[in-house]
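Participant: In my numbering, the protein residues as written are 772 to 1136. Pasting in a structure now, in structure tokens, and then I'll have a few things to ask.
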Ligand code: KG4
Ligand code: ZN
């Protein structure tokens, strides 16, 4: 196999249609030659969550334009690629199918090899794309659709230490924003509001902290928040600005405390097994939250671990991570044929118990 590989990646598992070109020469840092993302936030805004049918149609309409843009931004053509990588799960099935069908068509027409990629592996391998991180390392995926601790042992080898048993934290931020009449996506809106609030005013629950594992639960938090909001409204005839800020700050503190406490536990488990590899990497939109990030940085400092946060555009859904994960699999000799199926569920760690539930952004994996 050649020393230098150039891979086209496609991503369409949730509400972002994306294509990217990534190049890597052995012994050198990887290069993202282009990365195009068409978001669908506006299309779903009126519905309070991602509508799978609308998402699937939008992906089908945009994916080929997206591929053209990625190739043209990289100043390359399809025959100059070594392979095409595509997210083949987990996610909303209609969207995943749009990407898989497009990739198969491109491979059939060009003769290029096809590589199916697990979307979560895309997130989990990103620190190797951005920072060349060596295996094994600890990974916290924390977004609107995912929340899990993984030890990345190898390109196709992950151990899940725990995760949410219900909502993902981003989902909880979005629901909280809705309950408090803030804009979507809720995370940035709640964070902004929390800046002027008192995080200690409302003692919201920190679920599952008493359980000695790495599982988390965030759905009860919004019920507690709803009750507090309703009693404030009943008391004052409406929600006062300062009360809303205090609610946001208290909610954010609860999420941050849970993530920090469980990260401490997960990191300890990782360090027990891999004392020489003490890195914690994060991915997912919620990792943009400054309070949460500061909490995780503190945990890492206490435990002498390196904290790695890829740039935000590579933490959120994108196709560069899919191209990169495909490149890593391709180097290991992995190829798919045209029987490659779109999978709504596809756990990274098949040895761990399955995660339950299905969030607003699709199956939990
Ligand atoms: O990774 P992402 O772009 O998409 C997926 O969920 O796959 O993450 C989006 C989620 C949304 O729920 C959004 O509210 C949350 O990340 N988010 C934040 C912040 N920025 C985005 N949550 C808390 N604080 C933020 N600053
Ligand atoms: Zn994702």
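No residue lacks a Cβ here, since even glycine has one placed at the ideal position from N, Cα and C.
#1: In the structure shown, what three-state DSSP assignment does residue 805 receive?
#2: Based on DSSP bridge pairs, tell me the residues matched to residue 796.
#3: I believe residue 1038 touches residue 1076 by the beta-carbon criterion, under 8 Å. Please report the beta-carbon distance rounded to the nearest angstrom.
#4: I need the straight-line Cα distance from residue 804 to residue 797, nearest angstrom please.
#5: Less than 8 Å between the CB atoms is what I'm expecting for residue 1098 and residue 776, so what's the real figure, rounded?
#6: Quick one, which of 849, 782, 837 has its alpha-carbon nearest residue 865's?
#7: Does the beta-carbon of residue 905 have 16 or more other beta-carbons within 10 angstroms, so that it is buried, or is it exposed?
#8: Rounded to whole angstroms, what is the Cα-Cα separation between residue 867 and residue 785?
#9: Is the closest heavy atom of the ligand FAD to the C-beta of residue 945 under 6 Å?
#10: Comparing C-alpha positions only, which one of 898, 1114, 869, 939 sits nearest to residue 918?
#11: When you compare each of 898, 908, 887 to residue 1048 by their alpha carbons, which one comes out closest?
#12: Looking at the ligand ZN, does it come within less than 6 Å of residue 1088, judged from the CB to the closest heavy atom?
#13: May I have the straight-line CA-CA distance separating residue 1112 from residue 1081, to the nearest angstrom?
#14: Run through the DSSP bridge pairs and tell me what residue 919 is partnered with.
#15: Just the Cα atoms here: how many angstroms apart are residue 779 and residue 827?
#16: From 870, 911, 1066, pick the residue whose C-alpha is nearest to that of residue 933; which is it?
#17: Here's the rule: buried if 16 or more other CB atoms are within 10 angstroms of the residue's CB, otherwise exposed. What is residue 858?
#18: Mapping DSSP to helix, strand and coil, what is residue 881?
#19: Do residue 840 and residue 1090 have their C-beta atoms within less than 7 Å of each other?
#20: If residue 947 sits next to residue 961, beta carbons under 8 Å apart, how far is it from one beta carbon to the other, in whole angstroms?
#21: Using a threshold of 7 Å, state whether the C-beta atoms of residue 978 and residue 988 are closer than that.
#22: Can you tell me the Cα-Cα spacing of residue 1104 and residue 1010, whole angstroms?
#23: Just the Cα atoms here: how many angstroms apart are residue 964 and residue 885?
#24: If I measure Cβ to Cβ from residue 875 and keep anything under 6 Å in the same chain, skipping five residues before and after, which residues do I get?
#25: What does the alpha-carbon distance come out to for the pair residue 795 and residue 854?
#26: Under 7 Å between the Cβ atoms of residue 834 and residue 806?
#27: If you follow the beta strand (DSSP E) that residue 954 is part of, which residue opens it and which one closes it?
#28: Tell me residue 855's beta-bridge partners as DSSP assigns them.
#29: Any chance you could list the alpha helix (DSSP H) runs of at least 4 consecutive residues sitting entirely within the stretch 962–1044, in chain order?
#30: Who are the Cβ neighbours of residue 892 in its own chain at under 8 Å, not counting the five residues just before and after it?
#31: Taking the Cβ atom as the reference point for each residue, do residue 800 and residue 1117 lie within a distance shorter than 7 Å?
Facilitator: Result, derived from the coordinates:
#1: By one-based count along the chain shown, residue 805 stands at place 34. It is a strand residue.
#2: Position 25 of the chain shown, counted from the start, is the residue given in the question as residue 796. DSSP lists 775 as partners of residue 796.
#3: The residue you call residue 1038 lines up with position 267 of the chain shown. The residue you call residue 1076 lines up with position 305 of the chain shown. Going by Cβ atoms, the distance from residue 1038 to residue 1076 rounds to 6 Å, so yes, they are a contact pair.
#4: Position 33 of the chain shown, counted from the first residue, corresponds to residue 804. Position 26 of the chain shown, counted from the first residue, corresponds to residue 797. Cα to Cα, residue 804 sits roughly 16 Å from residue 797.
#5: If you number the chain shown from 1, residue 1098 lands on position 327. If you number the chain shown from 1, residue 776 lands on position 5. At roughly 5 Å, the Cβ-Cβ gap stays under 8 Å, so residue 1098 and residue 776 are in contact.
#6: Residue mapping note: residue 865 aligns to position 94 of the chain shown, counting from 1. Checking every option, the nearest Cα to that of residue 865 belongs to 782.
#7: Here residue 905 is taken as the residue at index 134 of the chain shown, counted from 1. Looking at its Cβ environment, which holds fewer than 16 other Cβ atoms inside 10 Å, residue 905 is exposed.
#8: Residue 867 sits at position 96 when you count from the first residue of the chain shown. Residue 785 sits at position 14 when you count from the first residue of the chain shown. Answer to the nearest angstrom: the Cα atoms are 8 Å apart.
#9: For the ligand FAD, the structure offers nothing, since it holds only the ligand KG4 and the ligand ZN.
#10: As a position in the chain shown, residue 918 is number 147, starting the count at 1. The shortest Cα separation from residue 918 among 898, 1114, 869, 939 belongs to 939.
#11: For the purposes of this step, residue 1048 is identified with residue 277 of the chain shown, where counting begins at 1. Ranking 898, 908, 887 by Cα distance to residue 1048 puts 908 first.
#12: On the chain shown, position 317 is the one that residue 1088 refers to. Because some heavy atom of the ligand ZN lies under 6 Å away, the Cβ of residue 1088 counts as near it: yes.
#13: By 1-based counting over the chain shown, the position of residue 1112 is 341. By 1-based counting over the chain shown, the position of residue 1081 is 310. The alpha-carbon atoms of residue 1112 and residue 1081 are separated by roughly 30 Å.
#14: On the chain shown, residue 919 is found 148 positions in, with the first residue counted as 1. Residue 919 pairs with 912, 934.
#15: Within the chain shown, numbered from 1, the residue matching residue 779 stands at position 8. Within the chain shown, numbered from 1, the residue matching residue 827 stands at position 56. Whole-angstrom Cα-Cα distance: 21 Å.
#16: Working through the chain shown from its first residue, we reach residue 933 at position 162. Among 870, 911, 1066, the Cα nearest to that of residue 933 is on 911.
#17: In the chain shown, residue 858 corresponds to position 87, counting from 1. So residue 858 counts as buried.
#18: Numbered from 1 along the chain shown, position 110 holds the residue referred to as residue 881. If DSSP states are grouped into helix, strand and coil, residue 881 belongs with the helices.
#19: Reading the chain shown from its first residue, position 69 is the one you call residue 840. Reading the chain shown from its first residue, position 319 is the one you call residue 1090. No, the pair does not count as a contact, with Cβ atoms beyond the cut-off.
#20: Position 176 of the chain shown, counted from the start, is the residue given in the question as residue 947. Position 190 of the chain shown, counted from the start, is the residue given in the question as residue 961. Right, the Cβ-Cβ distance comes to about 6 Å (below 8 Å), so this counts as a contact.
#21: Here the question's residue 978 lines up with position 207 in the chain shown. Here the question's residue 988 lines up with position 217 in the chain shown. Yes.
#22: Counting from 1 along the chain shown, the entry for residue 1104 is found at position 333. Counting from 1 along the chain shown, the entry for residue 1010 is found at position 239. The alpha-carbon atoms of residue 1104 and residue 1010 are separated by roughly 59 Å.
#23: Within the chain shown, residue 964 is the residue found at index 193, counting from 1. Within the chain shown, residue 885 is the residue found at index 114, counting from 1. Roughly 46 Å between the two C-alpha positions.
#24: Against the chain shown, residue 875 aligns to sequence position 104. The answer, listed in chain order, is 1109.
#25: For this step, residue 795 is matched to residue 24 along the chain shown. For this step, residue 854 is matched to residue 83 along the chain shown. Rounded to whole angstroms, residue 795 to residue 854 spans 13 Å at the Cα level.
#26: What you label residue 834 is simply residue 63 of the chain shown in a count that begins at 1. What you label residue 806 is simply residue 35 of the chain shown in a count that begins at 1. Cβ atoms of residue 834 and residue 806: not closer than 7 Å.
#27: The residue you call residue 954 lines up with position 183 of the chain shown. No beta strand (DSSP E) holds residue 954; DSSP gives it neither H nor E.
#28: Position 84 of the chain shown, counted from the first residue, corresponds to residue 855. The partner list for residue 855 (beta bridge, DSSP) reads 779, 885.
#29: 990–1007, 1012–1044
#30: Your numbering for residue 892 matches position 121 in the chain shown. 926, 927, 929, 1096, 1119, listed in sequence order.
#31: In the chain shown, the residue the question calls residue 800 occupies position 29. In the chain shown, the residue the question calls residue 1117 occupies position 346. Contact flag unset, no.
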